[in-house]
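Which chain is which? The protein sequence lines are A and B, in order. Each residue of the first sequence is one higher than the one before, counting from 359 in our numbering. Each residue of the second sequence is one higher than the one before, counting from 3 in our numbering. Everything on this sheet refers to the single structure shown next.
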Amino acid sequence: RKEVEQDPGPFNVPEGATVAFNCTYSNSASQSFFWYRQDCRKEPKLLMSVYSSGNEDGRFTAQLNRASQYISLLIRDSKLSDSATYLCVVNLAYGGATNKLIFGTGTLLAVQP
Amino acid sequence: DTAVSQTPKYLVTQMGNDKSIKCEQNLGHDTMYWYKQDSKKFLKIMFSYNNKELIINETVPNRFSPKSPDKAHLNLHINSLELGDSAVYFCASSLRVERRQGAYEQYFGPGTRLTVT
Numbered sequence: 359r360k361e362v363e364q365d366p367g368p369f370n371v372p373e374g375a376t377v378a379f380n381c382t383y384s385n386s387a388s389q390s391f392f393w394y395r396q397d398c399r400k401e402p403k404l405l406m407s408v409y410s411s412g413n414e415d416g417r418f419t420a421q422l423n424r425a426s427q428y429i430s431l432l433i434r435d436s437k438l439s440d441s442a443t444y445l446c447v448v449n450l451a452y453g454g455a456t457n458k459l460i461f462g463t464g465t466l467l468a469v470q471p
Numbered sequence: 003d004t005a006v007s008q009t010p011k012y013l014v015t016q017m018g019n020d021k022s023i024k025c026e027q028n029l030g031h032d033t034m035y036w037y038k039q040d041s042k043k044f045l046k047i048m049f050s051y052n053n054k055e056l057i058i059n060e061t062v063p064n065r066f067s068p069k070s071p072d073k074a075h076l077n078l079h080i081n082s083l084e085l086g087d088s089a090v091y092f093c094a095s096s097l098r099v100e101r102r103q104g105a106y107e108q109y110f111g112p113g114t115r116l117t118v119t
């Protein structure tokens, strides 16, 4: 079983649609969680951290369910510029000032005009 | 200003050669990382250094040798390059999110696309 699993997609949605991505992780010792976005031939960029209480940043809402080891990302009112690969990322702390990020394989989103 | 920079951006070389990739961060972070992203786009950690000390070494062939001269720099030297080394190599550095103890955010460089022929 992969440590972090995501539906690879692609998700093809029209502009203005709401789209949800799901992710599950296998290591219950995981301490923190993130969604990263990666555009074609670019580096991953942090989209948002995911907190236990859930958090929202504009059109983006992230949820965490520790009991089910499940993370979600909701994008409302999709824009063409949202087209990218969305990476679910789980942090395994090594202690001190370092940590190890485990990346999912990503979900490809294509927003159509 | 570039936060995490890597050189070169593209590297094309032949099997058996030795090459280096350099990384620098101006964010004042203490921890730096090397990741490899293969042709299937899977991103996997290779090494992590905290304040010049090796912390994580993930089952990487010893042809790969990271070096950190100071906490702002982490270089990667690769000996005897093989076809399977072709990938995009990303450097990253981490910021501690103070309001969530233990939650760290990593910032990535633009990547070095290595092609071994």
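Where is the CB? At the ideal position from N, CA and C, for every residue including glycine.
Determine, for residue i, whether the minimum Cβ-Cβ distance to residues of chain A falls below 8 Å.
i, result
"Phe66 (chain B)", "no"
"Ile80 (chain B)", "no"
"Thr114 (chain B)", "no"
"Ser7 (chain B)", "no"
"Glu107 (chain B)", "yes"
"Gly111 (chain B)", "yes"
"Gly104 (chain B)", "Here Gly104 (chain B) scores only 47 on pLDDT, less than 50, and its place in the model is too uncertain to base an answer on."
Measure the beta-carbon distance from residue i to residue j and round it to whole angstroms, keeping in mind my assumption that it falls under 8 Å.
i, j, result
"Asn449 (chain A)", "Ser388 (chain A)", "6 Å"
"Lys366 (chain A)", "Leu466 (chain A)", "It is Pro, not Lys, that sits at residue 366 (chain A) in the sequence shown. That pair is a contact at about 7 Å."
"Phe2 (chain B)", "Asn59 (chain B)", "In the structure as shown, chain B starts at 3 and stops at 119, and residue 2 (chain B) therefore has no counterpart that could be examined."
"Asn380 (chain A)", "Tyr428 (chain A)", "7 Å"
"Pro402 (chain A)", "Phe110 (chain B)", "5 Å"
"Ala94 (chain B)", "Val6 (chain B)", "7 Å"
"Cys446 (chain A)", "Gln396 (chain A)", "Contact flag wrong, Cβ pair sits at about 12 Å."
Taking the beta strand (DSSP E) that residue i belongs to, which residues open and close that run?
i, result
"Pro71 (chain B)", "66-72"
"Glu55 (chain B)", "55-59"
"Gln389 (chain A)", "Unbroken run through Gln389 (chain A): none, as it is neither H nor E."
"Ser407 (chain A)", "402-408"
"Ala468 (chain A)", "465-470"
"Leu144 (chain B)", "Coverage of chain B is limited to positions 3 through 119, which leaves residue 144 (chain B) absent and any answer about it impossible."
"Thr15 (chain B)", "12-15"
"Gln364 (chain A)", "362-364"
Does the CB of residue i have a neighbour CB from chain B at under 8 Å?
i, result
"Asn385 (chain A)", "no"
"Gly464 (chain A)", "yes"
"Leu431 (chain A)", "no"
"Lys437 (chain A)", "no"
"Phe392 (chain A)", "yes"
"Asn449 (chain A)", "yes"
"Leu459 (chain A)", "yes"
In the DSSP output, what is residue i paired with across the bridge?
i, result
"Met34 (chain B)", "B:Tyr51, B:Ser95"
"Gln421 (chain A)", "A:Ser430"
"Val118 (chain B)", "B:Thr15"
Give, in chain order, every residue of the region 399-414 of chain A whose Cβ lies closer than 9 Å to some Cβ of chain B.
The region 399-414 of chain A vs chain B, Cβ under 9 Å: Arg399, Lys400, Glu401, Pro402, Lys403, Leu404, Ser407, Tyr409.
Members of the region 38-56 of chain B near chain A, C-beta cut-off 8 Å
Here the close residues are Lys42, Lys43, Phe44, Leu45, Lys46, Ile47, Ser50, Asn52, Asn53.
Could you list the residues in the region 10-38 of chain B with a C-beta less than 7 Å from some C-beta on chain A, going in chain order?
Listed in sequence order: Asp32, Thr33.
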